[in-house]
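Asks: Here it is: the structure, laid out below.
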Amino acid sequence: MRAQFDIKTYTGFRAIALVCLFILYAPLIVVAVYSFNASQSLTNWEGVSLRWYADVFTGPESGKFKQAARNSFIIATVAATVATAIATLAATGMVRGGRFKLRSLSFGLISLPIMVPEIVLAVATLIFFSSIGFDRGIMTILLAHIAFCIPFAYLPIAARMQGIEHSYEQAAQDLYATKRQAFTKILLPLMMPGIISGFLLAFIVSLDDFIITNFVKGAGVETLPTAIFGSVKQGIKPNIMAISTMLLGVSIVMVTISFFVSKADAIR
Amino acid sequence: MSDNERIAVDVRDVVKRYDDFTALRSISLSIADNEYFTLLGPSGCGKTTLLRMIAGFEHVTEGTISLFGDDLENLPPNKRPVNTVFQNYALFPHMTVLENVAFGVEMNGESKTIARQRAGEMLELVQLSQFLARKPNQLSGGQQQRVALARALAPRPKVLLLDEPLSALDLKLRKAMQLELKHLQRETGITFIFVTHDQEEALTMSDRLAVMSAGEIQQLGAPTDIYERPHNMFVADFIGETNLLEVSVDRIAGGRAVCHLRGGHEVICPAVDGIGPGSKVHMSIRPERLWMSKSPEESLSFCGCVKENIFVGTDITTLVVLDDGPDFIVRTSNSDRGNRRLFESGSEVVVNMEPGAARLLAD
Amino acid sequence: MATGAAGGGSASMDTYREARNWLLMPAWVTLAILVLVPVAMMLIYSFLTKEFRGGVIWEFSLAAYDQFFLDRGLFGDEPARIEWTYITIFWRSIWQAATATVLSLAIGFPTAYFIATRPARMRPIWVFLVTIPYWVNLLIRTVSMKFLLRDQGTLNDFLIAMGLIDTPLVIVNTNIGVQIGLFYSYLPFMVLPIYAAVERYNFTLSEAAADLYASRTTTLTRVILPAVKPGVLAGCILVFVPSLGSFLAPDLLGGARNFMIGSLIEEQFKGNAGNWPFGAAASMILLTLVLMLLLLFARQQVKAGKTAG
Chain A
1 MRAQFDIKTY TGFRAIALVC LFILYAPLIV VAVYSFNASQ SLTNWEGVSL
51 RWYADVFTGP ESGKFKQAAR NSFIIATVAA TVATAIATLA ATGMVRGGRF
101 KLRSLSFGLI SLPIMVPEIV LAVATLIFFS SIGFDRGIMT ILLAHIAFCI
151 PFAYLPIAAR MQGIEHSYEQ AAQDLYATKR QAFTKILLPL MMPGIISGFL
201 LAFIVSLDDF IITNFVKGAG VETLPTAIFG SVKQGIKPNI MAISTMLLGV
251 SIVMVTISFF VSKADAIR
Chain B
269 MSDNERIAVD VRDVVKRYDD FTALRSISLS IADNEYFTLL GPSGCGKTTL
319 LRMIAGFEHV TEGTISLFGD DLENLPPNKR PVNTVFQNYA LFPHMTVLEN
369 VAFGVEMNGE SKTIARQRAG EMLELVQLSQ FLARKPNQLS GGQQQRVALA
419 RALAPRPKVL LLDEPLSALD LKLRKAMQLE LKHLQRETGI TFIFVTHDQE
469 EALTMSDRLA VMSAGEIQQL GAPTDIYERP HNMFVADFIG ETNLLEVSVD
519 RIAGGRAVCH LRGGHEVICP AVDGIGPGSK VHMSIRPERL WMSKSPEESL
569 SFCGCVKENI FVGTDITTLV VLDDGPDFIV RTSNSDRGNR RLFESGSEVV
619 VNMEPGAARL LAD
Chain C
632 MATGAAGGGS ASMDTYREAR NWLLMPAWVT LAILVLVPVA MMLIYSFLTK
682 EFRGGVIWEF SLAAYDQFFL DRGLFGDEPA RIEWTYITIF WRSIWQAATA
732 TVLSLAIGFP TAYFIATRPA RMRPIWVFLV TIPYWVNLLI RTVSMKFLLR
782 DQGTLNDFLI AMGLIDTPLV IVNTNIGVQI GLFYSYLPFM VLPIYAAVER
832 YNFTLSEAAA DLYASRTTTL TRVILPAVKP GVLAGCILVF VPSLGSFLAP
882 DLLGGARNFM IGSLIEEQFK GNAGNWPFGA AASMILLTLV LMLLLLFARQ
932 QVKAGKTAG
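Protein chains in written order, with this note's numbering: chain A, 1 to 268; chain B, 269 to 631; chain C, 632 to 940.
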């Protein structure tokens, strides 16, 4: 059939879609390219070099960035793990708990950290820790991250669970499995793609966070975003571009894992 | 069902209500051990609800369900020696065929080795031994169906519940599976309770069946019973094709009812309890009990005109408009003998009725 | 009739009904302590007296809201007039966020529609491509944008090299810079929900419209758009809300003159202003605005859900 009779297509939409991708990627690609620039200057191109990557690991600021990276990864790992565990249980209660009065209220509570503007959550959390006299440091960052990671972990897990027919658990129970066994042997393995996506999303969101971390971190405690921000306020330097490119790599690895996990799925 | 047979499932005065909706209104029935029993009815009649209550997935609002004399109330599904073949099979997608079939045996407390061994035997029984390492989504619909069957049979349940298990299969496969199911039931000696909305399936396979509608059992009996002697309009209409005619009962004598049709024709048929003289009721006459001819060949015959012949393969259905009274559908088998009884549309014909073909129906 | 639900029975999935409260407990407790209580504390703080080096004195005061809405002159003794400074900042934030939203919609809708009309095996790849930037650190993306848009940045270099302009375009530290930054930050949020809606859209409806003599434009505006409206609204909310309270784009791309709510609030806690009650009050006002918007949106979605049946 000739394409012109295809009722679905609108001329120009393809071009706009390509422009959209271009806009999304152009800044990232430019920064990635310039991170390999041999020049001290930002503007001139003087050939390919890894000097700024070396600078990140051995340069004058390397100690600060290494510590910040360590903090970031520890916080992201712990926060995402705890949030994923909480979210998995909550999703089971919400999606497999039948109808109950507090359902929409619970959903509202769970998605609250996504709906409230980040700056508001940052202010509230700062005020909370300050008013109960909780010393600001890694622990405060971690607690705040767990809270806002919960909805990000919850959404893919709950969506996944909604896609699993409950006849699977019923079949398991019919075949003499207890509810607990039906959960661990049937539901949990089937939910795994959702749980992995939820964990990765929570991990990235935690690794990504600047505003809340900036509010609740103690003096001298830095995560990668706060360290980068501090550095950028002095002007963009090539080593920042090298760090950015490495973080970009981490993100791409994560999203690729998530992509293949959902592709290798038995149900869909 | 004779009294000395053991009763496998006894359903007593069972009512099921959801908030403001009554799904089942006081159902009572007994299913004998080793019986192939079918619950037949249209969508929403409550047959699946009843099945799910026996399995333990729905609570019983009122009444009791017992299994070989033990009350099932308060027993969760995993404690009931009853297994289900689900409509969509519900094969665990992350497990192999063998793991699926072994699951129930293992959960029932057997060792892994025994479970696998039993699963292997069951898969042999359904002729799927070569597929035991596959995942369910690598099998065809018919194969999945057989895995579901093997999985439900492997723990040796006392009763097997089948929830429209054949509805996803195409016609040919369905016919083959009907025979296989019947065969399996005989071989294993397990009581089967089968739910379907397909009346042909129900008639072919069952020892007995219950026709359900609007949360009630309309009629309970053997397939021939139900087909030949429907109790009421719903059953007559739902099972097979029939001519439903309005009649007035004139008198009853010697177990026979003398009635007349709208056009004045007199029809004599077996009397039915509860239908007395003067009642205006319906009468069912199966179209294959009628035949056409040029001149009357039976004591009871009607003159009419052929309106249309409809070819349906094995038979030809003819719509005859009578000179007086109701119209008739007549079925003639598609054979040399049958074809000699066919007439062009527009022909004047006589519709003859076998003696005893008419049945009075309670409304 | 898989569940007997045809007659209105309960087909709800309730395998873990008995365990429900225990399953939800960790989430309830964590979020109550770490979100609800803090928001309540923030509300309380907005009615307290400020301490000069940050923090509060536990004494009731309306000073924060008074400062936000009313101007009583330099020494506080003149008759109260409306204070425009902060309202202007809020208004500017709303305007910037709205512009970014419209911009995202203009690019995002056609993109989402285009993706949804690709062959089924191509769609995940497109979605994957649109998703990657969403997974990339927002700070890094904003910094990258700044690098690209700077006076001596790649964009200006390119335009000058092409001979299109002689002097660099000044984008950074302008309103436009902020709008571009916000647009770039949240563009994937616009594409994904619209894509989800268009993918569910039944294209036979378009064919029916065309069959009934509707032009493509009419089909788009009168058939497709109403059908995918919930997705479009979701996308707009997902871009508008975070834009409204955003901090990074205005801070890095806007500079001092293009102050938005986020920067105003940040300054009360991290910057020189050091007025916690005022920061809490501004946050409360922002939160109220956003919650009202979300409530409207939720009602709209419920209505749409009902008509969809």
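Ideal placement from N, C-alpha and C gives every residue a C-beta, glycine not left out.
Closest Cβ-Cβ distance between A/ALA3 and chain B: below 8 Å?
Replies: Its pLDDT being 47, under 50, A/ALA3 is placed unreliably by the model, and the measurement read from it follows with that caveat. Not closer than 8 Å to any Cβ of chain B, the Cβ of A/ALA3 fails to qualify, so no.
Asks: Would you mind sorting C/GLY640 into buried or exposed? The rule is 16 or more other CB atoms within 10 Å of its CB.
Replies: At C/GLY640, the pLDDT of 35 sits below 50, so the modelled position is not reliable; the number obtained from the coordinates is stated separately. By the 10 Å Cβ count, C/GLY640 comes out buried.
Asks: For A/GLU222, which residues in chain C fall below 8 Å Cβ to Cβ?
Replies: Within chain C, no residue comes near A/GLU222; the closest Cβ sits about 13 Å away, beyond 8 Å.
Asks: Alpha carbon to alpha carbon, how far is C/MET656 from A/MET139? Give it in angstroms, no decimals.
Replies: 22 Å
Asks: Could you tell me which chain A residues have their CB closer than 7 Å to the CB of B/PRO423, listed as they occur along the chain?
Replies: LEU175 and TYR176
Asks: Span of the alpha helix (DSSP H) holding B/HIS451?
Replies: Going by DSSP, B/HIS451 is part of the alpha helix (DSSP H) stretching over 439-456.
Asks: Tell me whether A/ASP174 is buried or exposed, calling it buried when 16 or more other Cβ atoms sit within 10 Å of its Cβ.
Replies: buried
Asks: Going along chain B in order, which residues have a C-beta closer than 7 Å to the C-beta of A/PRO189?
Replies: HIS362
Asks: Around the C-beta of A/ALA69, are 16 or more other C-beta atoms found within 10 angstroms, so that it is buried, or is it exposed?
Replies: buried
Asks: Using DSSP with H/G/I as helix, E/B as strand and the rest coil, what is B/HIS465?
Replies: coil
Asks: Which runs of the beta strand (DSSP E) fall wholly inside the region 516-557 of chain B and span at least 3 residues, in chain order?
Replies: 524-529, 534-538 and 548-553
Asks: If we count the other Cβ atoms within 10 Å of its Cβ and call it buried at 16 or more, is C/PHE871 buried or exposed?
Replies: buried
Asks: Please confirm if the region 873-882 of chain C is in contact with the region 99-111 of chain A, defined as three or more CB-CB distances below 8 Å between the two stretches.
Replies: no
Asks: First and last residue of the beta strand (DSSP E) that includes B/CYS313?
Replies: It is not in any beta strand (DSSP E) - B/CYS313 carries neither H nor E in the DSSP assignment.
Asks: Please report the residue range of the alpha helix (DSSP H) in which C/LYS777 lies.
Replies: Start and end: 769-780.
Asks: For B/SER601, collect the residues of the same chain with a Cβ closer than 6 Å to its Cβ; drop the 5 residues on either side in sequence, then sort them by chain order.
Replies: ASP583
Asks: What alpha helix (DSSP H) runs, 4 residues minimum, are completely inside the region 652-730 of chain C?
Replies: 668-676 and 694-700
Asks: May I ask which residues mark the beginning and end of the alpha helix (DSSP H) holding B/ASP505?
Replies: 501-506
Asks: To which residues of the same chain is A/SER106 closer than 7 Å at the C-beta, ignoring the five residues directly before and after it?
Replies: Excluding residues within five positions, the ones whose Cβ falls inside 7 Å are MET94.
Asks: Please check if any C-beta of chain A sits within less than 8 Å of the C-beta of B/GLY388.
Replies: no
Asks: Would the C-beta of C/PHE678 count as close to the ligand ZN, meaning under 7 Å from any of its heavy atoms?
Replies: The ligand ZN is absent from the structure shown, which contains no ligand whatsoever.
Asks: Leaving out the 5 sequence neighbours to the left and right, which residues in its chain are closer than 6 Å to C/GLY638 when beta-carbon positions are compared?
Replies: Confidence in C/GLY638 is poor, its pLDDT being 33 and thus under 50, which makes the residue's placement unreliable; the coordinate value appears in the next sentence. Closer than 6 Å at the Cβ level, and outside the excluded window around C/GLY638, lies no residue.
Asks: Strictly below 9 Å CB to CB, what residues from chain C border A/GLU118?
Replies: Taking the beta carbon of A/GLU118 as reference, the chain C residues within 9 Å of it are PRO873, GLY876, SER877, PHE878 and GLY893, listed in sequence order.
Asks: Strictly under 8 Å for the Cβ-Cβ distance: is A/GLU46 near chain C by that measure?
Replies: no
Asks: B/PHE460 bridges to which residues according to DSSP?
Replies: B/TYR304 and B/LEU428
Asks: Report yes if the CB atom of B/VAL503 is closer than 8 Å to the CB atom of B/LEU558, and no otherwise.
Replies: no
Asks: CB-CB under 6 Å to B/SER397, same chain, minus the five flanking residues each way: which ones, in chain order?
Replies: LEU391
Asks: Ends of the beta strand (DSSP E) at C/ASN889?
Replies: That residue, C/ASN889, is in no beta strand (DSSP E); it is neither H nor E in DSSP.
Asks: B/PRO538: buried (16+ other C-beta within 10 angstroms of its C-beta) or exposed?
Replies: exposed
Asks: Hey, quick one: how far does the alpha helix (DSSP H) through B/GLN412 stretch, first residue to last?
Replies: 409-421
Asks: Going by CA-CA distance only, name the one from B/GLU303, B/VAL283, B/SER298 and B/PHE289 that's closest to B/SER474.
Replies: B/GLU303
Asks: Give me the Cα-Cα distance between A/LEU190 and A/THR184, rounded to the nearest whole angstrom.
Replies: Looking at the two C-alpha atoms, the distance is approximately 10 Å.
Asks: How about A/SER258: is its C-beta nearer than 8 Å to some C-beta of chain B?
Replies: no
Asks: Starting from A/ARG14, trace the beta strand (DSSP E) both ways and give me its first and last residue.
Replies: A/ARG14 -> not in any beta strand (DSSP E); alpha helix (DSSP H) instead, spanning 13-34.
Asks: Exposed or buried, A/ALA202, counting other C-beta atoms within 10 Å across all chains shown (16 or more means buried)?
Replies: buried
Asks: Who are the neighbours of A/ARG12 on chain C, taking C-beta pairs under 9 Å?
Replies: Note that residue 12 of chain A is Gly in the sequence shown here, rather than Arg. The answer, in chain order, is PRO741.
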